[in-house]
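A.B. asks: Below you will find the structure I want to go over with you.
Protein chains: 2
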Amino acid sequence: MKIIRDPEKISIETGKNKQLKKRIGFVPTMGALHPGHFSLISRARKENDIVAVSIFVNPAQFGKGEDFKKYPRRFKQDIESCRRLGVDLVFLPDRDNMYPEGYSTFVNVDNLSDCLCGASRPGHFRGVATVVAKLLNILHPDALYLGQKDAQQAIIISRMVKDLNFPVKVKVLPTVRQEDGLALSSRNAYLNKQERSVALVLSKALRLAETLIRNGQRNCGRIISRMRQLIEKNRPAKIDYIAIIDPEQLKELRKIEPGCLIALAVKIGKVRLIDNTVIGRV
Amino acid sequence: MKIIRDPEKISIETGKNKQLKKRIGFVPTMGALHPGHFSLISRARKENDIVAVSIFVNPAQFGKGEDFKKYPRRFKQDIESCRRLGVDLVFLPDRDNMYPEGYSTFVNVDNLSDCLCGASRPGHFRGVATVVAKLLNILHPDALYLGQKDAQQAIIISRMVKDLNFPVKVKVLPTVRQEDGLALSSRNAYLNKQERSVALVLSKALRLAETLIRNGQRNCGRIISRMRQLIEKNRPAKIDYIAIIDPEQLKELRKIEPGCLIALAVKIGKVRLIDNTVIGRV
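Protein chains in written order, with the numbering used here: chain A, 636 to 917; chain B, 636 to 917.
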């Protein structure tokens, strides 16, 4: 496994592999790797000749007052995980490599970036789209692996890849959960014991919505209202948003449709968590 | 010479050539090709195995009330020019291929895009950066050929290529002029005979600036003032801007520096023309 910090050097490395017609799978991460990331890496391992993982806490996607500084950094442990999972290339750039002085270019996916998580985190998805555009140009992978847990991110990246004609296939893999239902997230590390237990309201609210739909409820307002009730019973949970939307344009729906997305963000104390579920047939 | 309209098809074509280690040179154009474009194509022909030219009147770079609809379209003649100059691939997409329904992604080069031409043409450079990002991803050339006549465009594209890590070398070639000094532009076709003669004020003002500098003038304000006087004598010439700037950040300079750019935009009747000169040693 090679660990490379310099964008040009890793480009040469992946370029050589492409010239040999090797298929490259790529998993972009901010590190603090957990089994959610592992599932992306394992799938990439199965489907490609070369697996590249980037570990970069991307300053451009953090707003002022957000947790950029305290975001968990465990690079040594992350590198060990990559080695164990059979990764070939770890890209570990530093900030100056990625955003040198005078840096000015940003990619924005209009319409999809200012709602839901984008409403509470202005500029967040601009930072995400920009760094992924850069990483795709640096590594030119054949396949890009993303997690469904960050549903809006996956939708925005897929849109960007299509719109800007990036020659890469986007694969979105299911959310990995702990046994009790909590979606894995590097930010779970911020939760104390009591908050960890309250954090279950996100997945519980989603299961409630699924049950209501299974029992015939189609009115999105009523479903959201029931989810809201469930969450508000649990202090210190504070709802940021609950939305039922179509998965292409992220427009709020009035009635449940096949393929619709139920997404929510809840603050548990100071920790903002997100989760979602895709409704299949109805 | 192959003429291809479909982005995926031309990607396959250039991909095959890259696999054979052929070097690809690319000239993006909006058609209405003139000897300025020919010089880019000829240089690309000399320096590469494969030469690709795109012809696409890009709606994203025209503002409301601008000349998108009446922009000269002479595709048949352009294709003949390409054939004569030994082009291998002409990419001739239509609007729906490039901006299908739901299109949402735009590339913006902050700081450089809102001054000079960007001040009179809001969104123009966003459209330019976006279409070039798309074309680079579709054609993945090794070298990109741009004209110095559109100096701000060349600076913005160079910045974007660097910032977003596009694996392409940008080459900016000198402005081609008619014998009397008028910089070639597809928009010159809009000028009537009297306007054509007045249009000479742009290059004349630049030559005046060069002479002043050669004679020791270093004060940018005074140089601009002399250029202004010269232009204002000529009706119907109306100055949009005259600026002396550094060629990286486009900041206005107070004193002439080596490598600085003198750029201007002037409306001759309804036709907006631009020109510029780079000051070498001083």
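A virtual CB, placed ideally from N, CA and C, is assigned to each residue, including glycine.
Using a 10 Å radius around the Cβ and a threshold of 16 neighbouring Cβ atoms, would you call Ile-848 of chain B buried or exposed?
C.D. replies: So Ile-848 of chain B ends up on the buried side.
A.B. asks: If I follow the unbroken beta strand (DSSP E) through Arg-872 of chain A, where does it start and stop?
C.D. replies: Residue 872 of chain A is actually Ala in this sequence, not Arg. 872-880 is the span of the beta strand (DSSP E), which, as asked, contains Ala-872 of chain A.
A.B. asks: State the Cα-Cα distance for the pair Val-744 of chain B and Gly-737 of chain A, rounded to the nearest angstrom.
C.D. replies: So the alpha carbons of these two residues sit roughly 11 Å apart.
A.B. asks: Just the chain B side, please: which residues come within less than 7 Å of Ser-739 of chain A by C-beta, in chain order?
C.D. replies: Residues of chain B passing the Cβ test: Val-744, Asp-745, Asn-746, Leu-747, Arg-794, Asp-798.
A.B. asks: Can you tell me the Cα-Cα spacing of Arg-907 of chain A and Gln-884 of chain A, whole angstroms?
C.D. replies: So the two alpha carbons sit approximately 24 Å from each other.
A.B. asks: Check the DSSP bridge columns for Asn-772 of chain B and list the partner residues they point to.
C.D. replies: Per DSSP, none; premise fails for Asn-772 of chain B.
A.B. asks: Between Phe-801 of chain A and chain B, is any beta-carbon pair separated by less than 8 Å?
C.D. replies: Chain B, which has a Cβ nearer than 8 Å to the Cβ of Phe-801 of chain A, makes this yes.
A.B. asks: Return the residue from the list B:Ser-832, B:Asp-798, B:Phe-801 that minimises the CA-CA distance to Glu-814 of chain B.
C.D. replies: The residue with the shortest Cα to Cα distance from Glu-814 of chain B is B:Ser-832.
A.B. asks: Is the CB of Ile-690 of chain B under 8 Å away from at least one CB in chain A?
C.D. replies: No, because no Cβ of chain A sits closer than 8 Å to the Cβ of Ile-690 of chain B.
A.B. asks: By how many angstroms is the C-alpha of Leu-675 of chain B removed from the C-alpha of Phe-661 of chain B?
C.D. replies: Their Cα atoms are separated by approximately 9 Å.
A.B. asks: Less than 6 Å between C-beta atoms, sequence neighbours within five positions excluded: which residues of the same chain meet that for Ala-679 of chain A?
C.D. replies: Correct list, in chain order: Gly-660, Val-662, Val-686, Tyr-780.
A.B. asks: Does DSSP put Gly-758 of chain B in a helix, a strand or coil?
C.D. replies: Here Gly-758 of chain B sits in coil by DSSP.
A.B. asks: Going straight from the alpha carbon of Glu-892 of chain B to that of Arg-842 of chain B, what length do you get?
C.D. replies: About 17 Å.
A.B. asks: If the criterion is Cβ atoms closer than 8 Å, does the pair Leu-865 of chain A and Ala-834 of chain A meet it?
C.D. replies: No.
A.B. asks: Could you give the residue range of the beta strand (DSSP E) that holds Leu-896 of chain A?
C.D. replies: First-last of the beta strand (DSSP E) with Leu-896 of chain A: 896-903.
A.B. asks: Please report the distance separating the alpha-carbon of Thr-912 of chain A from that of Ala-900 of chain B.
C.D. replies: Going from the Cα of Thr-912 of chain A to the Cα of Ala-900 of chain B covers about 54 Å.
A.B. asks: Under the three-state reduction of DSSP, which class applies to Glu-830 of chain B: helix, strand or coil?
C.D. replies: Three-state result, Glu-830 of chain B: helix.
A.B. asks: Got a sec: is the Cβ-Cβ distance from Pro-642 of chain A to anything in chain B below 8 Å?
C.D. replies: It does: the Cβ of Pro-642 of chain A has a partner Cβ on chain B nearer than 8 Å.
A.B. asks: Given that a residue counts as buried once 16 or more other Cβ atoms are within 10 Å of its Cβ, and exposed if not, what is Leu-837 of chain A?
C.D. replies: Looking at its Cβ environment, which holds 16 or more other Cβ atoms inside 10 Å, Leu-837 of chain A is buried.
A.B. asks: Hey, is Lys-769 of chain B's beta-carbon within less than 8 Å of any beta-carbon in chain A?
C.D. replies: Chain A, which has a Cβ nearer than 8 Å to the Cβ of Lys-769 of chain B, makes this yes.
A.B. asks: Beta carbons nearer than 7 Å to chain B: which residues of the segment 772-790 of chain A have them?
C.D. replies: Correct list: Asn-772, Ile-773.
A.B. asks: What does Val-805 of chain A pair with, by DSSP beta-bridge criteria?
C.D. replies: Looking at the DSSP assignment, Val-805 of chain A forms a beta bridge with A:Leu-779.
A.B. asks: Any Cβ of chain B within less than 8 Å of the Cβ of Ser-646 of chain A?
C.D. replies: Chain B contact via Cβ: present.
A.B. asks: Considering just the uninterrupted stretch of the alpha helix (DSSP H) at Thr-649 of chain A, what are its terminal residues?
C.D. replies: Note, Thr-649 of chain A: alpha helix (DSSP H), 642-654.
A.B. asks: Alpha carbons only, please: which of A:Lys-653, A:Ala-898, A:Asn-800, A:Arg-916 is nearest the one belonging to Leu-774 of chain A?
C.D. replies: Cα-wise, what sits closest to Leu-774 of chain A is A:Lys-653.
A.B. asks: Would Val-662 of chain B pass as an interface residue toward chain D - the criterion being a Cβ-Cβ separation below 8 Å?
C.D. replies: Looking at the structure shown, chain D is missing, and the protein chains on hand are A and B.
A.B. asks: Mapping the DSSP letters down to three states, classify Pro-728 of chain A as helix, strand or coil.
C.D. replies: Pro-728 of chain A: coil per DSSP, three-state reduction.
A.B. asks: Between which residues of its own chain and Ile-859 of chain A is the CB-CB distance below 6 Å, once the five residues before and five after are set aside?
C.D. replies: Around Ile-859 of chain A: Ile-877.
A.B. asks: With distances taken between CB atoms, is the gap from Ile-880 of chain B to Lys-873 of chain B smaller than 8 Å?
C.D. replies: Not closer than 8 Å, so no.
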